[in-house]
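Visitor:
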Amino acid sequence: MSNETQEQVQDEGELVAARRAKLEWLRDEMGVDPFGHRVDGIMSLAHARSLFDAAADDAHAASVAANKEDASREVVDARPKALVAGRIVQHRDVGKLVFMVVRDDTDDLQLSLSKADLAPEQFKLAKKLDYGDIVVAAGRVGKTKRGETCIWADQLSIHSKSLVPPPGKHHGLSDPETRYRRRYVDMYANPGTIRTFKARSRMITRIREFMNARDFLEVETPMMQPIAGGAAARPFMTHHNALDIPLFLRIAPELYLKRLLVGGLPRVYEINRNFRNEGIDRSHNPEFTMLEVYEAFGNYETILELTESLVHQLAVATREDLLAEDPDQDLGTAEAPVLPFGELRVRYARPFRKVRFHELFEEALGFPASDIEKVRAVAAELGREHAPDMDDAFVVNEVFEARAETTIDPEQPTFVYDWPSVISPLTRPRADDPSLAERVDLFIGGMEIGPAYTELNDPDIQYGKFTEQLSGLDDEEESTFRTLDEEFLDALRVGMPPAGGLGLGIDRMAILLTNSPSIRDVILFPLMRPIEAGDEAAE
RNA sequence: GAUUCCGUAGCUCAGUUGGCAGAGCAAGCGACUUUUAAUCGCUAGGUCCUGGGUUCGAGCCCCAGCGGAAUCACCA
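The numbering used here applies: residue 2 is where the first sequence begins, and numbers increase by one.
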């Protein structure tokens, strides 16, 4: 066990051995630190490329030609200077010339190194560098004879020796497991990865700008909660030693954000992680990011407007980003963006479609949800064994999710509203029909993006819905993590203003706007099963 | 948790009817002052995911396990 690391080093193979030999060569014979040092004034590769000056390049070429004919005529070089850093992703040694392509988070750029331009040791270094090494180079921005924009380097130094064999230079890294487990390799091998995460970051910045512009206050509420409320999901459990109490990682921030409405903040939002101990698939990761919004004296209609404006605005901005990369795309118009999502083209023009729950139900099933005999027949078809003793409204909801939700046009953002009240215990029932909740859900690309509610602020009705919900649970669930949140009810009794609220899935929004197939492609480090060391796990 | 598919060199992948383990790139040595996945010559590189089984013989067939992907279930 103790010499495992040593064995590992020995077992790493010839590729690593070759790199370690170069590491020693750098230290012993070249006298350089293979892991570099501080460098000031580095510019991005995209910026360096933008410095290219055709006139200066032509003048320099003419000056070199003149000098060749008549050595007394000095070479004039007005080409712009650049200092850059990057990871080597291609390396071509052509004898007394070395070409390498370096990559940073903005671009790829070729470094051209001529034996004539560099100190002898630096040219020796240029020939020995590997794919994966991080280098710093200085020189003039120009072009090669073949027209490639490059930096004709006169200074070159290594700032990190990569000891690990890199993925292939043309196929990149495509194995999904390796991409998620070794994201840092994925990031340099596949430039699209960094593009995606930059797009996600921009999206979140824009959400903050949107919310702040509407005078909402960003807040942070507990991630560790004594009672995991605000949603129905299995929580992760932990323990606080000093207080000797169980704690739950939150499944939603809702009950705390509402306490802030009680306290007198009229418009609040939070962008942060929720944790749900459930399955993992293309649209679920155990930890995921939510935007939650509460607006005093609003309702589900004001929140619907807010949601539609926000999503539309994000789509407009995303369209501009995509056009900046490639102007020759058909992405609709500025006001009516059409964005690709897999094989789909999602139309973000306002207004989005709005359809009542029961209308969509009847449209999809061919009979009204009130025809409970037929509803239960379909539920039986679906193989829901527990359906017979289930409350009618739950059965309706199951059938809706299986047969109606799937009929929503994935290319047309759609709000479904007036959901059955029983499935929304934190939502205010309609005054004219208490069986319906003032709830609206946004669907895009076949995914539920987020629900918006008129929040329930009557403490007595809320108490009733909580106890009703708890009575339907078995002992294990109740004793482990479903408890009546008395403190929240106390807050409601103090008095919460009427309000509208929203929960928007940030990861799913990122999936849509970055045109990614899986939530794992928009979460930097998605949860993976750890690789067990040795065969101790076998049992 | 269920089902299906996948796991072969650093990467991307072939591998026929069960009969000596393969290619391209990457790597090592050599050549080359304009390469663009550079080119040319030579060389090296394998726990075929793991463990059993069948067989004269298993990368290939069977069983179990591990890891991944997709679909389903769970996630109001």
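All C-beta atoms in this analysis are idealised placements derived from N, C-alpha and C, irrespective of residue type, glycine included.
Could you work out which residue in Gly446, Ser436, Leu490, Tyr181 is closest to Leu461 when comparing CA atoms only?
Guide: The residue given as residue 461 occupies position 460 in the first sequence. Note that residue 461 is Asp in the sequence shown, not Leu. Ranking the options by Cα distance to Asp461, first place goes to Leu490.
Visitor: Assuming Gly264 is part of the beta strand (DSSP E), what are its boundary residues?
Guide: Translated into positions along the first sequence, residue 264 becomes position 263. Element bounds for Gly264: not the beta strand (DSSP E) but the alpha helix (DSSP H), 255-264.
Visitor: Considering only their Cβ atoms, is the gap separating Asp106 from Ile195 smaller than 8 Å?
Guide: The count along the first sequence starts at 1 and reaches residue 195 at position 194. The count along the first sequence starts at 1 and reaches residue 106 at position 105. Taking 8 Å as the cut-off, the beta carbon of Ile195 is found closer than this to the beta carbon of Asp106.
Visitor: Which residues does DSSP list as the beta-bridge partners of His241?
Guide: Stepping through the first sequence from its first residue, residue 241 is reached at position 240. DSSP output for His241 lists Ile246 as bridge partner(s).
Visitor: With burial defined as no fewer than 16 other Cβ atoms inside 10 Å of the residue's Cβ, what is the status of Met238: buried or exposed?
Guide: Your numbering for residue 238 matches position 237 in the first sequence. Met238 should be labelled exposed.
Visitor: Could you name the residues of the same chain whose beta carbon sits closer than 6 Å to that of Thr408, not counting the 5 residues immediately before and after it, in chain order?
Guide: Here the question's residue 408 lines up with position 407 in the first sequence. These residues qualify, in order along the chain: Ala365.
Visitor: Go ahead and label Ser517 buried or exposed: buried means 16 or more other beta carbons lie within 10 angstroms of its beta carbon, across all protein chains shown.
Guide: For the purposes of this step, residue 517 is taken as residue 516 along the first sequence, with counting starting at 1. By the 10 Å Cβ count, Ser517 comes out buried.
Visitor: For Ser436, name the three-state secondary structure that DSSP assigns.
Guide: One-based indexing of the first sequence puts residue 436 at position 435. Here Ser436 sits in coil by DSSP.
Visitor: Who are the Cβ neighbours of Arg80 in its own chain at under 7 Å, not counting the five residues just before and after it?
Guide: Position 79 of the first sequence, counted from the start, is the residue given in the question as residue 80. Same-chain partners within the cutoff: Asp54, Ala57, Asp58, His61, Arg141, Val142, Gly143.
Visitor: Output needed for Gly299: all residues of its chain with C-beta closer than 7 Å, excluding positions within five of it in sequence on either side, in chain order.
Guide: To locate residue 299, count along the first sequence from 1; it is residue 298. Ala500, Gly501, listed in sequence order.
Visitor: Put Gly140 into one of helix, strand or coil per three-state DSSP.
Guide: Your numbering for residue 140 matches position 139 in the first sequence. Here Gly140 sits in strand by DSSP.
Visitor: Compare the C-alpha of Leu525 against each of Gln91, Met448, Val347, Ala200 and name the closest.
Guide: By 1-based counting over the first sequence, the position of residue 525 is 524. Residue Ala200 is the option with its Cα nearest to Leu525.
Visitor: Taking the alpha-carbon positions, what's the Pro227 to Ala233 distance?
Guide: Residue numbering aside, residue 227 sits at position 226 when the first sequence is read from its first letter. Residue numbering aside, residue 233 sits at position 232 when the first sequence is read from its first letter. A straight-line Cα-Cα distance of about 15 Å links Pro227 and Ala233.
Visitor: Tell me, please, whether the region 360-379 touches the region 323-341 by the rule of three or more beta-carbon pairs shorter than 8 Å.
Guide: Result no; under three Cβ-Cβ pairs closer than 8 Å.
Visitor: With burial defined as no fewer than 16 other Cβ atoms inside 10 Å of the residue's Cβ, what is the status of Asp216: buried or exposed?
Guide: The residue you call residue 216 lines up with position 215 of the first sequence. So Asp216 counts as exposed.
Visitor: So Tyr454 packs on Leu427, CB below 8 Å; how close in whole Å?
Guide: Walking along the first sequence from the start, residue 454 turns up at place 453. Walking along the first sequence from the start, residue 427 turns up at place 426. Indeed they touch by this definition, with Cβ atoms about 7 Å apart.
Visitor: Between Glu363 and the rest of its own chain, which residues show a CB-CB distance below 6 Å, the 5 nearest in sequence each way excluded?
Guide: In the first sequence, counting from the first residue as 1, residue 363 sits at position 362. Cβ neighbours of Glu363 within its own chain (closer than 6 Å, five residues either side excluded): Pro369.
Visitor: Are the beta-carbon atoms belonging to Pro328 and Asn278 less than 8 Å from one another?
Guide: By 1-based counting over the first sequence, the position of residue 328 is 327. By 1-based counting over the first sequence, the position of residue 278 is 277. No; because the gap between Cβ atoms is not below 8 Å, this pair is not in contact.
Visitor: Determine the extent of the beta strand (DSSP E) in which Asn213 is found, giving its start and end residues.
Guide: Counted from its first residue, the first sequence places residue 213 at position 212. No beta strand (DSSP E) holds Asn213; the alpha helix (DSSP H) holding it covers 192-214.
Visitor: Determine the closest residue to Val103 out of Val137, Asn273, Gly32, with distance taken between C-alpha atoms.
Guide: Looking up residue 103 in the first sequence gives position 102. The shortest Cα separation from Val103 among Val137, Asn273, Gly32 belongs to Val137.
Visitor: Does DSSP classify Phe353 as helix, strand or coil?
Guide: Start at 1 with the first residue of the first sequence, and residue 353 comes out as number 352. Three-state DSSP puts Phe353 in coil, outside helix and strand.
Visitor: Is Thr334 buried or exposed, if buried means 16 or more other CB atoms sit within 10 Å of its CB?
Guide: In the first sequence, residue 334 corresponds to position 333, counting from 1. Exposed.
Visitor: Does DSSP put Ser115 in a helix, in a strand, or in coil?
Guide: Numbered from 1 along the first sequence, position 114 holds the residue referred to as residue 115. Strand, per DSSP.
Visitor: Val10: buried (16+ other C-beta within 10 angstroms of its C-beta) or exposed?
Guide: Counted from its first residue, the first sequence places residue 10 at position 9. Caution is warranted here: a pLDDT of 38 is assigned to Val10, below 50, making its placement in the model unreliable, and the coordinate value is therefore given only provisionally. Val10 comes out exposed.
Visitor: Look at the alpha carbon of Ile159 and the alpha carbon of Gly173, and state the distance between them as a whole number of angstroms.
Guide: For this step, residue 159 is matched to residue 158 along the first sequence. For this step, residue 173 is matched to residue 172 along the first sequence. Going by the C-alpha atoms only, they are around 23 Å apart.
Visitor: Report the partner residues of Ile89 according to the DSSP bridge assignment.
Guide: By 1-based counting over the first sequence, the position of residue 89 is 88. As computed with DSSP, Ile89 is found in a beta bridge with Val103.
Visitor: By Cβ distance below 7 Å, which residues in the same chain neighbour Val76 in space, the five residues on each side in sequence not counted?
Guide: In the first sequence, the residue the question calls residue 76 occupies position 75. Excluding positions up to five away in sequence, the list reads Ser64, Val65, Asn68.
Visitor: Which one or two residues does DSSP pair with Leu323 in a beta bridge?
Guide: Position 322 of the first sequence, counted from the first residue, corresponds to residue 323. Note: Leu323 sits in no beta bridge, so no partner.
Visitor: Flag this pair as touching only if the region 353-360 and the region 404-423 have three or more C-beta atom pairs under 8 Å; answer yes or no.
Guide: yes
Visitor: By DSSP, does Asn300 sit in helix, in strand, or in coil?
Guide: By one-based count along the first sequence, residue 300 stands at place 299. DSSP places Asn300 in coil when its eight states are reduced to three.
Visitor: Under a Cβ-count criterion, where at least 16 other Cβ atoms within 10 Å of its own Cβ denotes burial, should Val40 be classed as buried or exposed?
Guide: Walking along the first sequence from the start, residue 40 turns up at place 39. For Val40, the number of other beta carbons within 10 angstroms of its own is below 16, and it is reported as exposed.
Visitor: Give the DSSP-derived three-state secondary structure of Ile520 in the structure shown.
Guide: As a first step, residue 520 must be located in the first sequence, where it is residue number 519. DSSP places Ile520 in helix when its eight states are reduced to three.
Visitor: Do Ile1 and Ser284 have their CB atoms nearer than 8 Å?
Guide: Shown here, the chain extends from 2 to 540; a query on residue 1 therefore has no answer.
Visitor: Pop quiz: Tyr1 and Leu323 are said to be a contact at Cβ under 8 Å. What is the actual Cβ separation, rounded to whole angstroms?
Guide: Any answer about residue 1 is impossible in this case: the structure gives the chain only from 2 up to 540.
Visitor: Please classify Asp134 as buried or exposed, where buried requires at least 16 neighbouring CB atoms within 10 angstroms.
Guide: Taking the first residue of the first sequence as position 1, residue 134 is located at position 133. Answer is buried; the Cβ neighbour count reaches 16.
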